[in-house]
Amino acid sequence: KSNGLFGGKSGGKERQTAGTFLNTLNRTQQQQLYQLLSSQVRTFQTQMSRRAQIVIALDAMKTGKPAVEIKLQQAGGQFAQTEVQTTVAEARAIQIIKDSLTATQKGFIQQNLVDAGR
10 KSNGLFGGKS
20 GGKERQTAGT
30 FLNTLNRTQQ
40 QQLYQLLSSQ
50 VRTFQTQMSR
60 RAQIVIALDA
70 MKTGKPAVEI
80 KLQQAGGQFA
90 QTEVQTTVAE
100 ARAIQIIKDS
110 LTATQKGFIQ
120 QNLVDAGR
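Here the working numbering is used: the first residue of the sequence shown is 10, the next is one more, and so on.
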């Protein structure tokens with residue numbers, strides 16, 4: 010399970026600190042972050058839909074007719090591939106965000122969001 014965008018938990022005091030950090034971003038960084046997160050929402054919605062379709066297909070194979078092992082393996086492989094694609098997309102998005110930050114902003118994250126969550 011993900012620890013959130015900046016590696017810390019998202020709730021309570023950490024949430025307020027994250028909000029404070031977001032206010033330190035310049036306009037270009039805010040726009041990039043918004044566009045990136047909007048894109049990620051669409052990507053994750055697509056991935057969730059694919060997951061659901063695969064799970065339904067797997068369930069359908071378990072009922073009625075005898076399950077065909079090769080079809081179960083193929084569907085399981087598709088599910089695993091979807092998980093990998095989702096994880097890679099999330100990692101890329103986080104790296105893009107990190108690459109756009111100044112040293113001061115990275116320090117803020119480390120001190121207030123990452124270390125504070127430990």
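Quick reminder that beta carbons are idealized off the backbone N, C-alpha and C, glycines included.
For residue i, name the three-state secondary structure that DSSP assigns.
{"i": "Leu-122", "result": "helix"}
{"i": "Asn-32", "result": "helix"}
{"i": "Leu-110", "result": "coil"}
Would residue i and residue j be called neighbours here (beta carbons separated by less than 8 Å)?
{"i": "Thr-37", "j": "Leu-122", "result": "no"}
{"i": "Ser-109", "j": "Gln-40", "result": "no"}
{"i": "Ala-98", "j": "Thr-29", "result": "no"}
{"i": "Thr-91", "j": "Arg-60", "result": "yes"}
{"i": "Phe-88", "j": "Thr-33", "result": "no"}
{"i": "Ile-120", "j": "Gln-94", "result": "The amino acid at residue 120 is misidentified as Ile; the sequence shows Gln. Result no, Cβ atoms of Gln-120 and Gln-94 do not sit closer than 8 Å."}
What do you get for residue i, buried or exposed, if any count of 16 or more other CB atoms within 10 angstroms of its CB means buried?
{"i": "Ile-106", "result": "buried"}
{"i": "Ala-112", "result": "exposed"}
{"i": "Ile-79", "result": "exposed"}
{"i": "Ala-100", "result": "exposed"}
{"i": "Ala-84", "result": "buried"}
{"i": "Ile-63", "result": "buried"}
Closer than 7 Å: is that where the CB of residue i sits relative to any heavy atom of the ligand ZN?
{"i": "Gln-120", "result": "In terms of ligand content, the structure shown is empty, and the ligand ZN therefore cannot be addressed."}
- beta strand (DSSP E) segments (min. 3 residues) lying fully within the region 55-110: DSSP runs (the beta strand (DSSP E)) wholly in the region 55-110: none.
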